[in-house]
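>
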Amino acid sequence: MSDIAATASAAPPVDVSASLPARLAKGFVGRLVIIVPYLWLLFFFLVPFVIVFKISLSQSAISMPPYTPVLDFSSGWSGFVGKLKQLSFDNYLWLTQDALYFKAYLSSVVIAGISTILTLLVGYPIAYGMARAPATIRPTLLMLVILPFWTSFLIRVYAWIGILKPEGLLNQLLLSLHVISEPLVILNTYTAIFIGIVYSYLPFMVLPLYSSLEKMDYSLIEAAKDLGCPPTSAFWKITFPLSLPGVIAGCLLVFIPAVGEFVIPDLLGGSQTLMIGRTLWNEFFSNRDWPVSSAVAVILLLLLIVPIMIFQQAQARAQEQGK
Amino acid sequence: MKSLGSIRRAFAPWNDPNAKPYIQFENVTKKFGDFTAVNNLSLTIFEREFFALLGASGCGKSTLLRMLAGFEEPTAGRIMLDGQDLRGIPPYRRPVNMMFQSYALFPHMSVEKNIAFGLKQEGMPSADIQKRVAEMLRLVKLEQFAKRKPHQLSGGQRQRVALARSVAKRPKVLLLDEPLGALDKKLREETQFELMDLQQELGLTFVVVTHDQEEAMTMADRIAIMDKGEVMQVATPAEIYEAPTSRFVAHFVGNVNMFEGKVADRTAGTARITGASGAQIVVDNGDAKPGSDIVFAIRPEKIKVSSKKPAEGVNALEGEVYDIAYLGDMTVYHVKLDDGQIVRASALNAARISEDPLTWNDRAWVSFRPDAGVVLTR
Ligand SMILES: Nc1ncnc2c1ncn2[C@@H]1O[C@H](COP(=O)(O)OP(=O)(O)O)[C@@H](O)[C@H]1O
Ligand SMILES: [Mg+2]
Chain A
2 MSDIAATASA
12 APPVDVSASL
22 PARLAKGFVG
32 RLVIIVPYLW
42 LLFFFLVPFV
52 IVFKISLSQS
62 AISMPPYTPV
72 LDFSSGWSGF
82 VGKLKQLSFD
92 NYLWLTQDAL
102 YFKAYLSSVV
112 IAGISTILTL
122 LVGYPIAYGM
132 ARAPATIRPT
142 LLMLVILPFW
152 TSFLIRVYAW
162 IGILKPEGLL
172 NQLLLSLHVI
182 SEPLVILNTY
192 TAIFIGIVYS
202 YLPFMVLPLY
212 SSLEKMDYSL
222 IEAAKDLGCP
232 PTSAFWKITF
242 PLSLPGVIAG
252 CLLVFIPAVG
262 EFVIPDLLGG
272 SQTLMIGRTL
282 WNEFFSNRDW
292 PVSSAVAVIL
302 LLLLIVPIMI
312 FQQAQARAQE
322 QGK
Chain B
312 MKSLGSIRRA
322 FAPWNDPNAK
332 PYIQFENVTK
342 KFGDFTAVNN
352 LSLTIFEREF
362 FALLGASGCG
372 KSTLLRMLAG
382 FEEPTAGRIM
392 LDGQDLRGIP
402 PYRRPVNMMF
412 QSYALFPHMS
422 VEKNIAFGLK
432 QEGMPSADIQ
442 KRVAEMLRLV
452 KLEQFAKRKP
462 HQLSGGQRQR
472 VALARSVAKR
482 PKVLLLDEPL
492 GALDKKLREE
502 TQFELMDLQQ
512 ELGLTFVVVT
522 HDQEEAMTMA
532 DRIAIMDKGE
542 VMQVATPAEI
552 YEAPTSRFVA
562 HFVGNVNMFE
572 GKVADRTAGT
582 ARITGASGAQ
592 IVVDNGDAKP
602 GSDIVFAIRP
612 EKIKVSSKKP
622 AEGVNALEGE
632 VYDIAYLGDM
642 TVYHVKLDDG
652 QIVRASALNA
662 ARISEDPLTW
672 NDRAWVSFRP
682 DAGVVLTR
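Residue numbers (the numbering used here), protein chains in the order written: chain A, 2 to 324; chain B, 312 to 689.
#1: Would you check if the region 556-574 of chain B and the region 608-626 of chain B touch, i.e. whether three or more CB-CB distances between them fall below 8 angstroms?
#2: Looking at the structure shown, is D538/B part of a helix, part of a strand, or coil, going by DSSP?
#3: Does any C-beta atom of chain A lie closer than 7 angstroms to the C-beta of Q432/B?
#4: Quick check: what's the CA-CA separation for A380/B versus K483/B?
#5: To the nearest angstrom, report how far apart V293/A and I249/A are at their CA atoms.
#6: Please compile the residues from chain B whose C-beta is within a distance smaller than 7 angstroms of the C-beta of S220/A.
#7: In whole angstroms, give me the CA-to-CA distance for L416/B and N425/B.
#8: Check the Cβ of P242/A against every Cβ in chain B and list those closer than 7 angstroms, keeping chain order.
#9: Within 10 Å of its beta-carbon, does T670/B have 16 or more other beta-carbons around it, so buried, or fewer, so exposed?
#10: Could you check whether the Cβ of T521/B sits closer than 6 angstroms to any heavy atom belonging to ligand 1?
#11: In the DSSP assignment, find the alpha helix (DSSP H) that holds L269/A and state where it starts and stops.
#12: DSSP state of R318/A, grouped into three classes?
#13: Any heavy atom of ligand 2 inside 6 angstroms of the beta-carbon of S373/B?
#14: Please state if the CB of L397/B and the CB of V520/B are separated by a distance shorter than 7 angstroms.
#15: Which residues in chain B have a C-beta closer than 7 angstroms to the C-beta of A224/A? List them in chain order.
#16: Which residue comes first and which comes last in the beta strand (DSSP E) that contains I592/B?
#17: For K372/B, which residues from the same chain have a beta carbon less than 7 angstroms from its beta carbon, with the 5 sequence-adjacent residues on both sides left out?
#18: Under 7 angstroms Cβ-Cβ, which residues of chain B neighbour P231/A?
#19: According to DSSP, P273/A sits in a beta bridge with which residue or residues?
#20: For chain B, is any of its Cβ atoms less than 7 angstroms away from the one on A317/A?
#21: Indicate, with yes or no, if ligand 1 has a heavy atom lying under 6 angstroms from the CB of F44/A.
#22: With a threshold of 6 angstroms (Cβ to nearest heavy atom), would G369/B be considered close to ligand 1?
#23: Short of 7 angstroms in beta carbon distance, which residues of its chain neighbour A132/A, apart from the five on each side in sequence? Order them along the chain.
#24: Return the first residue and the last residue of the alpha helix (DSSP H) that N92/A is part of.
#25: Please state if the CB of Y552/B and the CB of V560/B are separated by a distance shorter than 7 angstroms.
#26: For ligand 1, is there a heavy atom less than 6 angstroms away from the beta-carbon of A348/B?
#27: Is S617/B helix, strand or coil when you go by DSSP?
#28: Exposed or buried, M378/B, counting other C-beta atoms within 10 Å across all chains shown (16 or more means buried)?
#29: Hey, could you find the ends of the alpha helix (DSSP H) I162/A is sitting in?
#30: Residues in the same chain with beta-carbon distance under 7 angstroms from N172/A, minus the five sequence neighbours each way, listed in chain order, please.
#31: What are the residues that DSSP puts in a beta bridge with R663/B?
#32: Which word fits M312/B, buried or exposed, when buried means at least 16 other C-beta atoms lie within 10 angstroms of its C-beta?
#33: Let me know the alpha helix (DSSP H) ranges lying completely inside the region 450-479 of chain B, each 4 residues or longer, listed in chain order.
#34: Is any beta-carbon of chain B found at less than 7 angstroms from that of L228/A?
#35: Express the C-alpha separation of T585/B and V632/B in angstroms, rounding to a whole number.
#36: Can you find a heavy atom of ligand 1 that lies under 6 angstroms from the Cβ of F343/B?
Shown next as structure tokens:
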């Protein structure tokens, strides 16, 4: 009797000794999987950033590479430390002294902001229409959104010159339809930049919007209507708030690259457009001033980290809300 | 104090020729493409009734409910509510509310915001909304959960939020699509009674869709049995069980034995039926013509199994005990008749030791009175 009780109480519910190595192995694999993205970030983001940051602290020089000092160990440890001491924040100071840079940053942010809002206005109805289309034709619609990526971005932007120029397709069409009597001047204006950015970045807006709208349960809309909510109001009270993660993701995916955009303002915006991407390009290739252009790039990066962090927070919140 | 049972017994507007119908489906047909989901269906539901639509999955129950809610328009026929033709009235203007099968709680709103949603839509002053929401939370016992989001609740709690939200507006009719479908068995049984209490307390008309016959029998005043978009029978649970009008209904609800045969002759209200093997039974019957094929349907508990031949005046058929299932409160016998038909009979275990113990392969008699079952012609 007593030993029955003893075995009963001594028997553990799980065999710990057997499961321990298994659990350790699982932990190891789990950690390895987590490490991969960190390694990726280290080699393809952090290392290049450190290099750029170092160049931004150097001085321009007529040499190869065109800056000084070049950090190496050719003159031993003390030489290395001596070179480190030559680094300075002078380039950043220079950026604050010339109003051009500030204006370029500001106008880039404004242009990117306006373009992002325009892309959202164009992209939301497209994504909504796709998400509400019959399930059988949704893959086709998705394909059509992605299709432009199969042609070179540069060629597609060039094509817009042909459309927008004074004697281009758009003006010819409008003139022949007698909508206008004089050719519209669109090319080499901000309007052309907006058109170019909205066109080029539309898929980046549509895809996250579509994915958040598509997974939304349609019975929520029916429930809202059932409770006395007309369709428009149901959209603003249910559909739109629930698609916010998609809106934020889409806006950031458009805004971030648009701020640093160089090709579109250069090809469509004409010479007078002030955008930080062009400034960067000029510093780098025309002036061959690597340190200043590196400083411009570092500031741009810091400027963009703020929206990225907002994005991540929004995503974390969406994930928490998900299930 | 009157018990629930006595109130219910007194409530039978469907027997009153002067009672005003509240909801009427008049020859309603609904087609999706060339598929007919609801076929020329007519149905009358009365005010304050707890009405159940019972049928297998895909028979058109939800479609019927969604037409009442306004999410689908009938292809033909019309739906009347309180004397008003509902055609063309959008869901947000109909005085009905629906509790969705998936609950459809708004994930970005707290429990109280969910419940208040419909009240805000109708422009109720916010002080009144607060009072009503508090009342609803009390009714479904979720006071402590007012600030939670739906994903922070258990399945049972979400079900109650959905219920509270759909009754908050005091609709004329509450539609419930499989309201207990996602709950586990124990919770489902408790909630059935809560739903019945709630309906009594608020005095609303409930139309509930279910594929669970026990659930429908427990809760409903009347049940409509549906099959392939058509109503097979509308009756009280007891009538459905004791007096099914078709083989389909007899089979669908509970267990049943079917004796098939030809009417041999009739005498004053009874008919003698001859089965394929020549065995004869006498059953109560109003109007089956001699020579016609009919079915006598009888429930297992109406059949007695005994080792000795029963006295005259009852139908008795001989066979052998084929299977016995002892279920505690009762015992189910399967008796294989000499013509090969297997009869299911159940006996209540009223005494601890049976007076007439039977075991496998014993010869046995099954017997039943002529009025213990119903004669079916379809
Ligand atoms: N919107 C629709 N389009 C096409 N077929 C539908 C639609 N809604 C329901 N059906 C079909 O109608 C039939 C009845 O559906 P439903 O009313 O949901 O059945 P249930 O009795 O299970 O609630 C099913 O066969 C279903 O596939
Ligand atoms: Mg259904």
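For each residue, glycine too, the CB sits at the ideal point set by N, CA and C.
Put simply:
#1: A contact exists between the region 608-626 of chain B and the region 556-574 of chain B.
#2: If DSSP states are grouped into helix, strand and coil, D538/B belongs with the strands.
#3: Cβ-Cβ to chain A under 7 angstroms: yes for Q432/B.
#4: 12 angstroms
#5: 32 angstroms
#6: Neighbours of S220/A on chain B, chain order: F411, S413, A415.
#7: When rounded, the distance between both Cα atoms is 7 angstroms.
#8: H419
#9: Exposed: under 16 other Cβ atoms inside 10 Å.
#10: no
#11: Run containing L269/A: 264-269, per the alpha helix (DSSP H) assignment.
#12: helix
#13: Result yes, Cβ under 6 angstroms from ligand 2.
#14: Cβ distance not < 7 angstroms, so V520/B and L397/B don't count as in contact.
#15: F411, A415
#16: Run containing I592/B: 591-595, per the beta strand (DSSP E) assignment.
#17: L364, G366, V520, M537
#18: For P231/A, the residues of chain B that pass the 7 angstroms Cβ criterion are Y403, in the order they occur in the chain.
#19: Before going further, note that residue 273/A is Gln rather than Pro in the sequence given. Paired residues: none, contrary to the question.
#20: Under the 7 angstroms criterion on CB atoms, A317/A is classed as non-interfacial with respect to chain B.
#21: no
#22: yes
#23: Y211, L214, E215
#24: 91-98
#25: no
#26: yes
#27: strand
#28: buried
#29: 154-165
#30: Taken in chain order, the residues that qualify are P184, L185.
#31: R663/B pairs with nothing; no bridge assigned.
#32: For M312/B, the pLDDT reaches just 38, beneath the cut-off of 50, and the residue's location in the model is therefore unreliable, leaving the point undetermined.
#33: 466-478
#34: yes
#35: Separation of V632/B and T585/B (C-alpha to C-alpha, rounded to the nearest whole angstrom) is 23 angstroms.
#36: yes
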